[in-house]
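>
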Amino acid sequence: MNLPSYSPLILAGPTFDFLESNAYRNFLCEHVLKTGIRLVLQRHALRPDWPYVDTKFNPNTGSDLPPESYEVIYPWLLGRGVEALVRHLEFLDILNLPSDEKEATRKVFSQLIESMTGAILEIFSRYKERCPFRIGRSFEMDPLNAPQEAPDPGRSGAGDIFCAKALLLSPSPEVRRRGVEILDQVAGHVTEGLFDLEPAKGNPRGQSQCGHMLFLAVPALASRPGFDQHDRARLFRRSCQLLELVLNQHFDPATRLFSEYVDQQTGRPSEYLDPGHCVELVGLGLSAIHSMETDGTGMSPARALLFERAKSLLPEILIGGVKAGFNERHEGMFKAANNRTGEIIDATMPWWNLPEAMRASLFATQATTLPDVKHECLAIYAKCHNAYFRHYLNPNMMLFPFQTRSGESGAVLDSAPAVPEGDPLYHSNLSFLDVLSRLSTQDIVSL
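The opening residue of the sequence shown carries number 0 in numbering that gives the first Met the number 0; numbering runs sequentially from there.
1) For Ala163 versus Val185, is the C-beta distance shorter than 8 angstroms?
2) Decide yes or no for the touch test of the stretch 124-142 against the stretch 42-51: beta carbon pairs closer than 8 angstroms, at least 3 of them.
3) Can you pull the DSSP bridge partners for Gln206?
4) Per the contact definition of three or more C-beta pairs closer than 8 angstroms, is the stretch 344-353 in contact with the stretch 268-279?
5) Helix, strand or coil for Asn428? Go by DSSP, reduced to three states.
6) Within its chain, find whatever has a CB closer than 7 angstroms to the CB of Asn1; leave out the 5 residues flanking it on each side and keep chain order.
7) Provide the residue(s) that pair with Leu272 in DSSP beta bridges, ordered along the chain.
8) What are the complete alpha helix (DSSP H) segments, minimum 4 residues, inside the stretch 364-419?
9) Can you say whether Asn338 is buried or exposed, counting buried as having 16 or more other CB atoms within 10 angstroms of its CB?
10) So, is the C-beta of Ser4 closer than 8 angstroms to a C-beta in chain D?
11) Within 10 angstroms of the Cβ of Glu342, are there 16 or more other Cβ atoms? Answer buried if so, exposed if not.
12) Quick one: using the 10 Å Cβ neighbour count with 16 as the cut-off for buried, is Met332 buried or exposed?
13) Write down the C-beta distance between Ser169 and Thr104 rounded to the nearest angstrom, noting that I regard them as a contact closer than 8 angstroms.
14) Hey, could you find the ends of the beta strand (DSSP E) Pro349 is sitting in?
15) When the distance is taken between beta carbons, is Leu241 closer than 8 angstroms to Leu215?
16) To the nearest angstrom, report how far apart Ser114 and Ala22 are at their CA atoms.
17) Within the continuous alpha helix (DSSP H) that includes Lys106, where are the two ends?
18) Compute the Euclidean distance between the alpha carbons of Thr54 and Tyr73, then round it to the nearest angstrom.
19) Is it the case that the Cβ atoms of Gly78 and Ile36 are separated by a distance below 8 angstroms?
20) What's the C-alpha gap between Arg236 and Gly297?
21) Between Leu27 and the rest of its own chain, which residues show a CB-CB distance below 8 angstroms, the 5 nearest in sequence each way excluded?
22) Let me make sure I understand the geometry here. Which of Gly80, Gly61 and Glu292 has the alpha-carbon closest to that of Leu304?
23) Buried or exposed for Arg24, going by 16 or more other Cβ atoms inside 10 Å?
24) I need the DSSP call for Gly182, collapsed to helix, strand or coil.
25) For the 8 angstroms Cβ check, are there 3 or more pairs between the stretch 75-91 and the stretch 3-13?
26) CB-CB under 6 angstroms to Gly61, same chain, minus the five flanking residues each way: which ones, in chain order?
27) Mapping DSSP to helix, strand and coil, what is Asp63?
28) Which one or two residues does DSSP pair with Gly331 in a beta bridge?
29) Using the Cβ count rule (16 or more neighbours within 10 Å means buried), how would you classify Ala336?
30) One question on the structure: do Leu246 and Thr190 come within less than 8 angstroms of each other, judged by their Cβ atoms?
31) How many Å lie between Thr448 and Ser311 at the Cα?
32) Could you round the C-beta distance between Leu196 and Gly156 to whole angstroms and report it? I think they count as a contact, below 8 angstroms.
33) When DSSP labels each residue in this structure, what does Leu256 get in the three-state scheme?
34) Cβ of Trp350 within 7 angstroms of any heavy atom in the ligand FMN?
35) What does a CB cutoff of less than 8 angstroms around Arg233 pick up in its chain, not counting 5 residues either side in sequence?
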């Protein structure tokens, strides 16, 4: 699975015109989309009996995980996998792949999407519309004797959002409606402070902004053709509610600082900043606004004012997050920093926050009317592009990214930010698919 001919494209001072150029779009198609598709196909060919995207490998070393890893399922990766494969299929025609490879992609991806969607439905049925963080191959709660409790149906978590979003992409109106109902429940739990981070991390610092942030990926899915108009309006309302809440609760207008957590009793923002989650909020928030403005469902003067406020604040949040989190010496984004003192809390540098920053900065460039902010956002795009494509693509894994690097040395670390296996093309590919979707896709001719 080697790809020895890889050479990164380095951006000096990009203009928007250059990002729309055929050369740049070709680079993303060749070194992100095509390689990702081929890796999924190759992994599937090695184990065709595995019904899901085969992520049972270590991205940092390229080694396969032991056979017992197939007895463990992370359901939220199923949801991410469905969304990623559906989006890749939609871009398949612009890629310069042989016809037989395109045919194989359509066949395998469609089978995997059907299998993963079926598993998600069964998991939701078994666990009262909740998606556990980690289960066994037969969906039991005790994979390899790891003690866990079934998730509380009176609360919600990130996995519920990922898996319910996957249901929105089903061709079945009944399945889509089930996803809508689950997401509506999740949004209610987020507003009530009943949203938890995955059990592996806990939630010790207060209420996270992750529930608000992840939900803001929903409008882009709800605005797709054929989606029920009432359900679309319902999800748009919830998205606006959470967008307003996260701006009110997690952004301090006095200090102009964004916080990952707020104290649920006092409402006081913490000093903890996750730069990756910060920039992900910006990208998904601006994506949500773009989808809702373009669709027009439920637009009102109050909603328009909210969108204008968000389009003013989100680029500022992006710039502040990157300033606090970017490691200039070793080119990467720290996992966590103190947003007041600048102290680095977690010096590891995961891969996914750089493409998230690229998506956010491109969208912010398009959203802001201020020339200085546009210039700064384009500079962020270039900086994060260069860091990602210089340091994170693994030539021994068909350019699948290393997951973690050290912020102290720049070296690749054999450490997993969330789960000890690969990601099903969600991070980072969806960020790049969103970038390409905002750039013109006409006349792309892959080299």
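Glycine residues also receive a C-beta, built at the ideal position from the N, C-alpha and C atoms.
In brief:
1) Yes, Cβ-Cβ distance for Ala163 and Val185 is below 8 angstroms.
2) With a cut-off of 8 angstroms on Cβ pairs, the stretch 124-142 is not in contact with the stretch 42-51, counting fewer than three such pairs.
3) Answer is Val261.
4) In short, these stretches touch, since the Cβ pair count reaches three.
5) DSSP, reduced to helix, strand and coil, places Asn428 within a helical segment of the structure shown.
6) Reliability of the predicted coordinates at Asn1 is poor, the pLDDT of 45 falling under 50, and no value is obtained from them.
7) The partner list for Leu272 (beta bridge, DSSP) reads Ala336.
8) The alpha helix (DSSP H) runs of length 4 or more contained entirely in the stretch 364-419 are, from start to end of the chain, 370-390.
9) Buried: at least 16 other Cβ atoms inside 10 Å.
10) Looking for chain D here will not work: only one protein chain is present.
11) Counting other Cβ atoms within 10 Å of its Cβ, Glu342 stays below 16 and is therefore classed as exposed.
12) It counts as buried.
13) That belief does not hold up - the Cβ atoms of Ser169 and Thr104 are roughly 20 angstroms apart, past 8 angstroms.
14) If you look at Pro349, you'll find it in the beta strand (DSSP E) that goes Thr347 to Pro349.
15) Yes. Within cutoff.
16) Rounded to the nearest angstrom, the two C-alpha atoms are 37 angstroms apart.
17) Looking at the DSSP string, the run of the alpha helix (DSSP H) that includes Lys106 is Ser98 to Arg125.
18) Distance from the CA atom of Thr54 to the CA atom of Tyr73, rounded to whole angstroms, is 10 angstroms.
19) Taking 8 angstroms as the Cβ cut-off, Gly78 and Ile36 do not qualify as a contacting pair.
20) When rounded, the distance between both Cα atoms is 8 angstroms.
21) Around Leu27: Phe431, Val434 and Leu435.
22) Selection Gly80, Gly61 and Glu292 evaluated against Leu304 yields Glu292 as nearest (Cα-Cα).
23) Buried, since its Cβ has 16 or more Cβ neighbours within 10 Å.
24) The question names Gly, but residue 182 is Leu in the sequence shown. In the structure shown, Leu182 sits in a helix (DSSP, three-state: H, G or I).
25) Too few Cβ pairs lie closer than 8 angstroms, so no.
26) Excluding sequence neighbours, Gly61 sits near Asn395 and Met396.
27) Residue state, collapsed to three classes: strand.
28) According to DSSP, which records beta bridges pairwise, Gly331 is partnered with Asn326.
29) Buried, since its Cβ has 16 or more Cβ neighbours within 10 Å.
30) For the 8 angstroms CB-CB criterion, Leu246 and Thr190 do not form a contact.
31) No statement about residue 448 is possible, as the shown extent of the chain runs from 0 to 446 and does not include it.
32) Right, the Cβ-Cβ distance comes to about 7 angstroms (below 8 angstroms), so this counts as a contact.
33) In the structure shown, the three-state DSSP call for Leu256 is strand.
34) Although the ligand FMN was asked about, the structure shown includes no ligands whatsoever.
35) Exclusion of the five residues before and after Arg233 leaves Val179 and Asp183 as the residues of its chain whose Cβ lies within less than 8 angstroms of its Cβ.
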